[in-house]
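Remember, the working numbering sits 9 above the position in the sequence shown when you count from 1. Input: a single structure, listed below in structure tokens.
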Amino acid sequence: MADTLVLGIDQGGSGSRAVLLDRTGAVRGYGYRPVARLYPRPGWVEQRPAAVARSVREALDEAIARAGCAPAAIVACGITSQRDTVFAWDARTGRPIGNAITWQDLRTVPLVAETDRWECATERRARLGQFPGPYCSAMHMAWRMRHDPAFRRAAEHGTLRVSLSAGWLIQALGHPAEHALDYSLLQAMTVFDPRRRALWEEWLDYLNLPRAALPAPRPTLHHFGTLRIGDAHVPVTAMITDQQAALFGYDCRAPGEAVATHGTASFVNVVAGPIAPPQGVCKTYLAWEIAGTPTYALEADMTVTGAVVRWLIQMRLIRHAGDLDALARVTPHSDGVVFVPAFTGLGVPDEDRSARGAILGVTLGTTPGHIARAFFESIGCQLRAILDTMEQEGNLAIGELRVGGGLARSDTACQIQADVAGVRIVRAADTETSVRAAALLAGLAAGVWARPEALPRLLDHGADTFEPRLAPEARAALLARWQRAVERTRGWA
Numbered sequence: 010m011a012d013t014l015v016l017g018i019d020q021g022g023s024g025s026r027a028v029l030l031d032r033t034g035a036v037r038g039y040g041y042r043p044v045a046r047l048y049p050r051p052g053w054v055e056q057r058p059a060a061v062a063r064s065v066r067e068a069l070d071e072a073i074a075r076a077g078c079a080p081a082a083i084v085a086c087g088i089t090s091q092r093d094t095v096f097a098w099d100a101r102t103g104r105p106i107g108n109a110i111t112w113q114d115l116r117t118v119p120l121v122a123e124t125d126r127w128e129c130a131t132e133r134r135a136r137l138g139q140f141p142g143p144y145c146s147a148m149h150m151a152w153r154m155r156h157d158p159a160f161r162r163a164a165e166h167g168t169l170r171v172s173l174s175a176g177w178l179i180q181a182l183g184h185p186a187e188h189a190l191d192y193s194l195l196q197a198m199t200v201f202d203p204r205r206r207a208l209w210e211e212w213l214d215y216l217n218l219p220r221a222a223l224p225a226p227r228p229t230l231h232h233f234g235t236l237r238i239g240d241a242h243v244p245v246t247a248m249i250t251d252q253q254a255a256l257f258g259y260d261c262r263a264p265g266e267a268v269a270t271h272g273t274a275s276f277v278n279v280v281a282g283p284i285a286p287p288q289g290v291c292k293t294y295l296a297w298e299i300a301g302t303p304t305y306a307l308e309a310d311m312t313v314t315g316a317v318v319r320w321l322i323q324m325r326l327i328r329h330a331g332d333l334d335a336l337a338r339v340t341p342h343s344d345g346v347v348f349v350p351a352f353t354g355l356g357v358p359d360e361d362r363s364a365r366g367a368i369l370g371v372t373l374g375t376t377p378g379h380i381a382r383a384f385f386e387s388i389g390c391q392l393r394a395i396l397d398t399m400e401q402e403g404n405l406a407i408g409e410l411r412v413g414g415g416l417a418r419s420d421t422a423c424q425i426q427a428d429v430a431g432v433r434i435v436r437a438a439d440t441e442t443s444v445r446a447a448a449l450l451a452g453l454a455a456g457v458w459a460r461p462e463a464l465p466r467l468l469d470h471g472a473d474t475f476e477p478r479l480a481p482e483a484r485a486a487l488l489a490r491w492q493r494a495v496e497r498t499r500g501w502a
């Protein structure tokens, strides 16, 4: 078993990653390829299924080349993938039916408003674990049933198959054992009730979605099929959705252990335990199931973070993303400036998508450094509000927060998050936790590791810790000022 390798694939909205781990958890090979988005009309955002599959194939080839291994050394593969972006193909030919509609697409906004009038509308959040907004898979599929003749025709003939990219990859690059997804990914298609572990039949009927087209629900560790890699057929033995993979891959397995991932948007996930808490404003995910025991997680988003950095560059307030760190590092305070980055609305706990961004408290003495620092403080303020909500809804105690993503690379940003949120921040040396989780889960299913407790730990190696240093009175004043600013942004659109 010394040369045994496990493969993890992370197929995301902006790119595809592949990693090869050995039995110690060390990375032996890594590959990445970007994936383009298409914008056929204003508000429409799509991806080509063939391009997504090609990006994964190229990332795989790169990882294997860097590892210097033969494909036969890979004993198992796990896949984590982007949510809400639905791929469709014909079961007879295996060929895609049109492009995939991504989570950023807004064509279904009128359809969401229409579902508000459904007699069971008040049950949506509790039955699906989340509110099905315009970004979600169910809305995309319902739209295609109405407006895409090829999609509807395949449904009528019984040959339509739909899935997230994890299912599409096995179809395109290998051989599926059956048309299936794990519980977390099927829930991410907004058709699955995580508490009952079953499709929500009334919802499917209302949206006119064909059951034969949908994947069957399966646990996290399962034989989903094989991938053709060179002359080898590598079994796919695990699947999990991206944000919950980030949680598992960051060694968060016990109730109260939490992670924040700062990308284009920021997501906070916390382990809730084997029983789903009552539905609140946070999303409730059946994150994974191992040996018959489910693990639920609460999730909340900040709507935008990395996207704000790009906006600051476009506005020429900074030239490069690294300028934010440099400016905030030499600016000791925000001088009363509050930056509310509600560019696409407010997330948990405010849940106001009509709110809009604002920079308040500006004077003639305000500098780019004050704005940079205020932006970093806004992340800490949102974290504090989210963690308070999660602790209340899940009856949890969250003692520390593990962070990853682009903004987590900044020591200044991490320290400000710790100060403002009042929680210890931990950053691992390797923050590619989603793809790591896919590989670890695959190895667990294949017997490389006997049980979850035997998995190699990420935080045993070179983690950085940031303790809160801000006085409680100063933190309370900053959070109160933030809340006043938030109230001024609500209901704007």
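Yeah, the Cβ is synthetic: ideal placement off N, Cα and C, and Gly gets one too.
Next on the checklist: Using the Cβ count rule (16 or more neighbours within 10 Å means buried), how would you classify Ser527?
Outcome noted: Limits of the chain in this structure are 10 at one end and 502 at the other, which puts residue 527 out of reach.
Checklist entry - According to DSSP, what are the bridge partners of Val280? => result The residue labelled residue 280 in the question sits at position 271 within the sequence shown. Paired residue(s): Ala306.
Item to check | Residue from Ile368, Ala269, Gln391 and Cys390 with nearest C-alpha to Ile380 | outcome: Translated into positions along the sequence shown, residue 380 becomes position 371. For the residues Ile368, Ala269, Gln391 and Cys390, the minimum Cα distance to Ile380 belongs to Ile368.
Checklist entry - Three or more C-beta pairs closer than 8 angstroms, one from the segment 61-68 and one from the segment 173-180: is that the case here? => result Yes: the two stretches touch, three or more of their Cβ pairs being nearer than 8 angstroms.
Next on the checklist: According to DSSP, is Ile407 part of a helix, a strand, or is it coil?
Outcome noted: For the purposes of this step, residue 407 is taken as the residue at position 398 of the sequence shown. Ile407 carries a coil assignment under DSSP once its states are collapsed to helix, strand and coil.
Next on the checklist: If you reduce the DSSP assignment to three classes, tell me which class Ala486 lands in.
Outcome noted: By one-based count along the sequence shown, residue 486 stands at place 477. In this structure, Ala486 counts as helix in the three-state DSSP scheme.
Checklist entry - If you compare alpha carbons, which of Gly452, Ala446 and Gly413 is closest to Arg436? => result Taking the first residue of the sequence shown as 1, we reach residue 436 at position 427. Nearest option by C-alpha distance: Gly413.
Item to check | Val313 - DSSP class collapsed to helix/strand/coil | outcome: Start at 1 with the first residue of the sequence shown, and residue 313 comes out as number 304. Three-state result, Val313: coil.
Checklist entry - Looking at Cys291 and Val357, is the spacing between their C-beta atoms short of 7 angstroms? => result Counting from one through the sequence shown, the residue named residue 357 turns up at place 348. Counting from one through the sequence shown, the residue named residue 291 turns up at place 282. Taking 7 angstroms as the Cβ cut-off, Val357 and Cys291 qualify as a contacting pair.
Checklist entry - Which class does Ile106 belong to by DSSP, given the choice of helix, strand or coil? => result Residue mapping note: residue 106 aligns to position 97 of the sequence shown, counting from 1. In this structure, Ile106 counts as coil in the three-state DSSP scheme.
Item to check | Buried versus exposed, by CB contacts within 10 Å (16 or more), Met311 | outcome: For this step, residue 311 is matched to residue 302 along the sequence shown. It is buried - the Cβ of Met311 has at least 16 other Cβ atoms within 10 Å.
Item to check | As assigned by DSSP and simplified to three states, the class of Tyr259 | outcome: As a working note, residue 259 is residue 250 in the sequence shown. If DSSP states are grouped into helix, strand and coil, Tyr259 belongs with coil.
Item to check | Opposing strand residues paired with His184 [DSSP bridges] | outcome: Stepping through the sequence shown from its first residue, residue 184 is reached at position 175. Answer is Thr235.
Next on the checklist: Rounding to the nearest angstrom, what Cα-Cα distance links Gln424 and Val279 in this structure?
Outcome noted: The sequence position of residue 424 within the sequence shown is 415, counting from 1. The sequence position of residue 279 within the sequence shown is 270, counting from 1. Rounded to whole angstroms, Gln424 to Val279 spans 21 angstroms at the Cα level.
Item to check | Euclidean distance between Cα positions of Phe475 and Gly389 | outcome: On the sequence shown, position 466 is the one that residue 475 refers to. On the sequence shown, position 380 is the one that residue 389 refers to. Spanning the two alpha carbons is a distance of roughly 13 angstroms.
Checklist entry - Going by beta carbon distance, what residues of the same chain come within less than 6 angstroms of Phe509, once the five residues before and after it are set aside? => result In the structure as shown, the chain begins at 10 and stops at 502. Residue 509 is therefore absent and cannot be evaluated.
Item to check | Asn404 burial status per 10 Å Cβ neighbour count (16 or more: buried) | outcome: What you label residue 404 is simply residue 395 of the sequence shown in a count that begins at 1. By the 10 Å Cβ count, Asn404 comes out exposed.
Checklist entry - Nearest to Arg393 by alpha carbon, out of Ser419, Asp420 and Ile434? => result For this step, residue 393 is matched to residue 384 along the sequence shown. Of the listed residues, the one whose Cα sits closest to Arg393 is Ile434.
Item to check | Supposed contact pair Pro80 and Ile238 - C-beta distance, whole angstroms, cut 8 angstroms | outcome: Residue mapping note: residue 238 aligns to position 229 of the sequence shown, counting from 1. Residue mapping note: residue 80 aligns to position 71 of the sequence shown, counting from 1. The pair is a contact, with the Cβ atoms about 4 angstroms apart (cut-off 8 angstroms).
Checklist entry - What residues match up with Gly366 in a beta bridge as DSSP calls it? => result The residue labelled residue 366 in the question sits at position 357 within the sequence shown. None; Gly366 has no bridge partner.
Checklist entry - Does the segment 320-331 come close enough to the segment 457-466 to have 3 or more Cβ pairs within less than 8 angstroms? => result No: fewer than three Cβ pairs fall under 8 angstroms.
Checklist entry - How far does the beta strand (DSSP E) with Gln20 in it reach, from first residue to last? => result Locating residue 20 in the sequence shown gives position 11, counting from the first residue. Where Gln20 is concerned, the enclosing beta strand (DSSP E) stretches over Leu14 to Gln20.
Next on the checklist: On the CB-based measure, 16 or more other CB atoms within 10 Å of its CB, does Cys129 come out buried or exposed?
Outcome noted: For the purposes of this step, residue 129 is taken as residue 120 along the sequence shown, with counting starting at 1. Under this definition Cys129 is an exposed residue.
Item to check | The alpha helix (DSSP H) enclosing His166, as first and last residue numbers | outcome: Along the sequence shown, one-based indexing puts residue 166 at 157. For His166, the enclosing alpha helix (DSSP H) covers residues Pro158 to His166.
Checklist entry - Just to check, is the beta-carbon of Thr168 closer than 6 angstroms to a non-hydrogen atom of the ligand COA? => result Looking at this structure, you won't find the ligand COA or any other ligand, since it has none at all.
Checklist entry - For Ile327, does the three-state DSSP call read helix, strand or coil? => result The sequence position of residue 327 within the sequence shown is 318, counting from 1. Note: Ile327 maps to coil in three-state DSSP.
Item to check | Minimum C-alpha distance to Asp70 - residue among Glu482, Leu236, Glu266 and Ile299 | outcome: Translated into positions along the sequence shown, residue 70 becomes position 61. Nearest C-alpha to Asp70: Leu236.
Item to check | Beta-carbon proximity of Asp361 to Arg499, cut-off 7 angstroms | outcome: Working through the sequence shown from its first residue, we reach residue 361 at position 352. Working through the sequence shown from its first residue, we reach residue 499 at position 490. It is a contact, given that the beta carbons lie within the stated cut-off.
Item to check | Given Phe96 as reference, the closest of Ala109, Leu14 and Tyr294 once Cα atoms are compared | outcome: Position 87 of the sequence shown holds residue 96. The shortest Cα separation from Phe96 among Ala109, Leu14 and Tyr294 belongs to Ala109.
Next on the checklist: Taking the straight line between their C-alpha atoms, what separation do you get for Ala300 and Arg328?
Outcome noted: As a first step, residue 300 is located in the sequence shown; it is residue number 291 there, counting from the start. As a first step, residue 328 is located in the sequence shown; it is residue number 319 there, counting from the start. In this structure, the alpha-carbon of Ala300 lies about 50 angstroms from that of Arg328.
Item to check | Sufficient close CB pairs (3 or more, under 8 angstroms) joining the segment 156-176 to the segment 97-105 | outcome: Inter-segment contact for the segment 156-176 and the segment 97-105 is present: three or more beta-carbon pairs are separated by less than 8 angstroms.
Checklist entry - Between the C-alpha atoms of Thr246 and Leu256, what's the straight-line distance to the nearest angstrom? => result Locating residue 246 in the sequence shown gives position 237, where the first residue counts as 1. Locating residue 256 in the sequence shown gives position 247, where the first residue counts as 1. Using only the alpha carbons, I get a separation of about 19 angstroms.
Checklist entry - Out of Leu223, Val313 and Trp53, which has the shortest C-alpha to C-alpha gap to Gly415? => result For the purposes of this step, residue 415 is taken as the residue at position 406 of the sequence shown. For the residues Leu223, Val313 and Trp53, the minimum Cα distance to Gly415 belongs to Val313.
Checklist entry - Looking only at its own chain, which residues have a Cβ that is under 6 angstroms from the Cβ of Ala454, when we skip the five neighbours before and after it? => result Indexing the sequence shown from 1 puts residue 454 at position 445. Cβ within range, chain order: Leu230, Thr246 and Ala247.
Item to check | CB contact flag (Gly87, Ala447, <7 angstroms) | outcome: As a working note, residue 87 is residue 78 in the sequence shown. As a working note, residue 447 is residue 438 in the sequence shown. In this structure, Ala447 lies closer than 7 angstroms to Gly87 by Cβ.
Next on the checklist: Measuring alpha carbon to alpha carbon, tell me which residue in Asp19, Val36 and Gly374 is nearest Ala27.
Outcome noted: Residue mapping note: residue 27 aligns to position 18 of the sequence shown, counting from 1. Nearest option by C-alpha distance: Asp19.
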